[in-house]
Every structure is written in structure tokens, then in C-alpha cells.
Amino acid sequence: MRLATLLFTFTGYSLFGAVPIKIDDSQVRYLEKFGYIDDATEPYSVRTGAFYREKIKELQEMLVLPITGTIDEETKRVMSAPRCGVPDPTKVERNRRTAAYNYKWLKKRLTYWIKNNPASMTNTNEVHREIAKAFKVWQEVADISFKEKKSADGRDVDMSISFELRQHGDDKPFDEQILAHAFWLALIPPYAVVHFNYDQEFKSNPRDQTEFSLLSVAIHQIGHAIGLHHSNKKDSVMFPLSIHTTTNLSTNDIASVQALYGPISSQIIRSRTGELPPDPCDGHIDAATMIGGDVYMFKGEWFWTFNGDELTGNPSLVKTAWPEIEGDVDSVLTYNGYEYFFVEDKIFVFSSDGRLFAKQNLTDYGIPADVKKIRLAFLWYHGDRPILYMWAEKTTYTYDVHAKATSQNPITDDWADATANLDMNGDNYIFTRRGIHKFDKTTYYYHEPVPFTQMFHC
């Protein structure tokens, strides 16, 4: 017999008086199941209207929804969408690091075993091929590798992969919403488990929204099995709601897995200069920009990331994230969801999912053909008009994006040592050999420099 849905109405308070909030029992279970409410420490006796409002805001922040604190129609739709069964990271974990991790493998050569097939795919070779492709996605960017191994029961491998029914022996039963989940068993040696929902319509080539890409879901679950949390970046393969559609690692995914296992060993061997990675904390950089809430810094062939003021990964080769870039990054800026990489006299434009959108020349922006390097580039708005400032060696080229007109002015000797610019949280910064200068929006001058390590902690 089907249980009736219970609707609870709670009251929260604001400056304007009582504000009721409605939440039904299925929505409460969702918040409990996916990590927003802890039954052990947050019993019903503490669950007021204000309590639920904060939990709903956390959910909306994680799933990139308008933050209303109420179960509006968009939130209700998302809460019924297919998703991963692994709980989302807590607010503290999200603030500490995007796609953070709880654990990592101490060894980098792992074995896995595939127990069975899903109901929707009877061709064993096809299933094994799709899962092997998923492992390859991760091992192509990080110093970790995977090999399938035959096994009688999976006890002699590092990871077991299986397609399981609703009740399958762990404390995480499947329902029609959950596609898969993954977790570690606290054994010696450690052991990872990936369970797919046997009853879901997994396919190698999904035809409609009732079918799910086995490759995409496997990439996501393997991410969990090697230590990654869910990400609140929509272009990430670790975003909990798009696990059946996304197969390309975002730059943040690459930085996260390389923070755990480092770049693949052959990357350093294939480095054009043969130089070792730079020190990410010496403050000497060529370029910087904000991508998806993280600060990306570049020097030569390398890049690394900061989440807030915290270093989140070791330097990686630029070509692991943007393979189409030819040469060292001189400057970079983010505009309208696109990243513009200035490399010698070329500009490589990438969309937010890491795909090359366009390849341009400096001359397209009215810059003379003999200019071969833009050492920093940034946007400034004059009213509603975006103006692109591009600093060459001794000249600033100013490009009006709307009028498509270019002017130029000399650069004073005060900025001869300027190497990079960063637009971060509404403020503009210039990096020089002396430190980091913040632009004062009141006086229209840059402040005296502060040391790099005063802003970014390593």
C-alpha cells in the first residue's frame, strides 16, 4: 500500500515577521539522504522553519539554483531529477575546496573487476569497453592507472564494479531516482565499491532522456572511487545531477585529480623546455584569471589553482587542460563565459566546458602585426560599454568591444614590471615583481603592493 505524502508547514522569521515554509516528507528524506540533514545530530526537535530554510539554501547553492530558501518549482524539479546516490559535501567541505576529497589511494596502479551487466545491456564486451573508456578518461590526466582483472569474487582487486538491484546488501538501497553510488570499505588493504542501479536504462548511445550513458555515469563513479567529492560546478563530471550526460573533464576536474595523484609522469618528459614545475607560491606569474569560482595562475607551460586563498593543486601542464594551446600563456581573461588565452600573436578562445571555440589574431583587435606579446589583458566597463585593455611591452591597446575600435597609449615606467592582471570578486589586481596592487575604485589609483603570500596562502 502506498503511503500518503505528509506536508509540513514551519514558520521562520524575518524583519517582516513570520514567513511560513512548506516541505513534505519526501523532500525531508531527500535532504537527509543526500547529506544536508544529519539524523544523529539534528533530530526533529531542532528542525524549525529557520532550520529547513537554511538547509534548502545549502541545497540550492550546491545544485546551482536560485537561493530562495523555499521549495520553489525549480528546486522541486531538481529534487526529482536522476542523480548520483553519494551524499553531497557539507557546506564546510564546499567552502574548503571545490571537489575536495576524503581519501586517496596510496598506490597509483589499481585493478578492477566487473561482476555483471545491467538489464539494459546484454553485450558483455560492450559493457567492459564503456567502463574501460571511463577509467581511461582519468588516467589520461593524472598519475594513476587502472587494469581490469578477472576474479572469482572481487576480493583480490582494488575496485569491484557491479549492477545491483534495489536492495543489494549495503545500507544504501536504490530507488528509481538513483543511477549509481560508490564508496570505500575500511579494510586492509582498502577496497572501493561501485554499484550501478541494475534497473536503470544504461546504454552506450542513449537515445532519449529515459536512457543514461554508461560511460558518463562510470566516469563520475570512478571519480568517487579515487577520492573526489561532488562539485558545485555545472561543467564538472562530478556535478551530482549531470552524471548521465557529461563525459569531458573540466579544468577543475583535472586540477582536483592532479592534486591527489599529480600529473601523468610522461607530461614532464614531454615538456617542451624540460623545466620542472614552478613554485606556485613565489608570486612570479605570467597570467591569472577566475574560472568557475577558482583562481587559475599560469607561468610558462604550467598552471595551478587557488580556491579562495588556498592552493588546491600542484602545477600541471597547460596542455593537459587546454591541448590546443600552442606555446606559453602570456595573459588570459574571462569574459561572458569564455576564456581568452593570449599566446604570442594569437588568442585561443575556449567555452566553459573546455572546448576550443575560436582562434584569433591580435590584428583582429586592431593591434599592429609586429606586436608578438600581450603581457596582461583585462576588461573595464565605462558605463555599460566593455573596454578591453591589452598591455604590450610599452603600449596599452584599448579596444571598445561595442564600437570595435582600437586606440593606444604609452605605459609609464611605473608599470614596466607588471606581469599579470586578475579580476576577482569585483576587484582588479595587477601583479608586479614588487607584489600585488589592488585598484581603488574611489581614487582610480592602484594601492601600494602587498606580498603575494598575504593574499594567497600556500
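Mature numbering (1 follows the signal peptide of the UniProt record, and there is no 0) puts the sequence shown at residues -18 to -1, 1 to 440.
The beta-carbon is built from N, C-alpha and C at its ideal position, and this holds for glycine as well.
Leu361: member of the beta strand (DSSP E) spanning Leu358 to His364, first to last residue. With a cutoff of 7 Å on beta-carbon distance, Ile267 and Ala402 are scored as near each other.
In terms of Cβ geometry, Val46 and Lys301 do not form a close pair [threshold 7 Å].
The beta carbon of Glu146 lies closer than 6 Å to those of His177 and Tyr180 in the same chain, with the five residues before and after it left out.
Assigned with DSSP and collapsed to three states, Met220 falls in coil, not helix or strand. The Cβ neighbour count for Val28, taken over all protein chains shown within 10 Å, is under 16; the residue is labelled exposed. Taking all protein chains in view, the Cβ of Pro25 is surrounded by fewer than 16 other Cβ atoms within 10 Å, so the residue is classified as exposed. Distance check between Asp20 and each of Ser8, Asn391 and Thr72 places Thr72 closest, using alpha-carbon atoms only.
Phe184 is bridged by DSSP to Phe194.
In the three-state scheme derived from DSSP, where H, G and I count as helix and E and B as strand, Phe156 is classed as coil.
Contact between Val119 and His212 does not hold, since their C-beta atoms are separated by about 17 Å, which reaches or exceeds 8 Å. Taking 3 residues as the shortest admissible run, the segment 98 to 152 contains the following complete beta strand (DSSP E) segments, listed from N- to C-terminal end: 127 to 130 and 141 to 146. The C-beta separation of Thr377 from Ile393 comes to about 6 Å, placing the pair in contact by the 8 Å criterion.
Take Gln342, set aside five residues on each side of it, and the residues of its chain with a beta-carbon closer than 6 Å to its own are Ile329, in chain order.
Here Trp304 is buried: its Cβ has 16 or more other Cβ atoms, across all protein chains shown, within 10 Å. Remark: C-beta atoms of Pro262 and Leu293 approach each other more closely than 7 Å. Under DSSP, no beta-bridge partner is assigned to Gln42. In this structure the segment 399 to 417 does not lie against the segment 226 to 246, because fewer than three pairs of beta carbons, one per stretch, are closer than 8 Å.
Thr50 sits exposed, since fewer than 16 C-beta atoms from the chains shown fall within 10 Å of its C-beta.
Taking a C-beta distance under 7 Å as the contact criterion, Val219 and Ile201 qualify as a contact pair. By the C-beta density criterion, Asp312 is buried, having at least 16 other C-beta atoms within 10 angstroms. Here the alpha carbons of Thr227 and Gln9 stand approximately 25 Å from one another. Contact annotation, Ser102 with Lys154: C-beta distance approximately 21 Å; criterion of less than 8 Å not satisfied. Counting only residues of its own chain and dropping the five nearest sequence neighbours on each side, Ser142 has a CB closer than 6 Å to the CB of Trp95, Gly136 and Val175. Leu92 places its beta carbon less than 7 Å from that of Phe128. Going by beta carbons, Gly348 and Thr380 fall outside the 7 Å limit. In terms of Cβ geometry, Val325 and Gly309 form a close pair [threshold 7 Å].
For Ile236, the enclosing alpha helix (DSSP H) starts and ends at Thr233 to Tyr243. Restricting attention to Phe323, Asn99, Ile246 and Gly319, the CA atom closest to the CA of Lys90 is found in Ile246.
Around the beta carbon of Glu112, 16 or more other beta carbons sit within 10 angstroms, so the residue counts as buried. Leaving aside the five residues that flank Asp291 on each side, the residues in its chain whose CB is nearer than 6 Å to its CB run, in chain order, Phe438 and His439. If you look at Ala63, you'll find it isn't in any beta strand (DSSP E); DSSP assigns it neither H nor E. Gly205 is positioned such that its CB atom lies no closer than 7 Å to that of Asp125. Its chain contains Gln240, Ala241, Gly244, Pro245, Pro259, Pro262 and Trp286 as the residues whose beta carbon lies nearer than 8 Å to that of Asn296, once the 5 sequence neighbours on both sides are disregarded; these appear in chain order.
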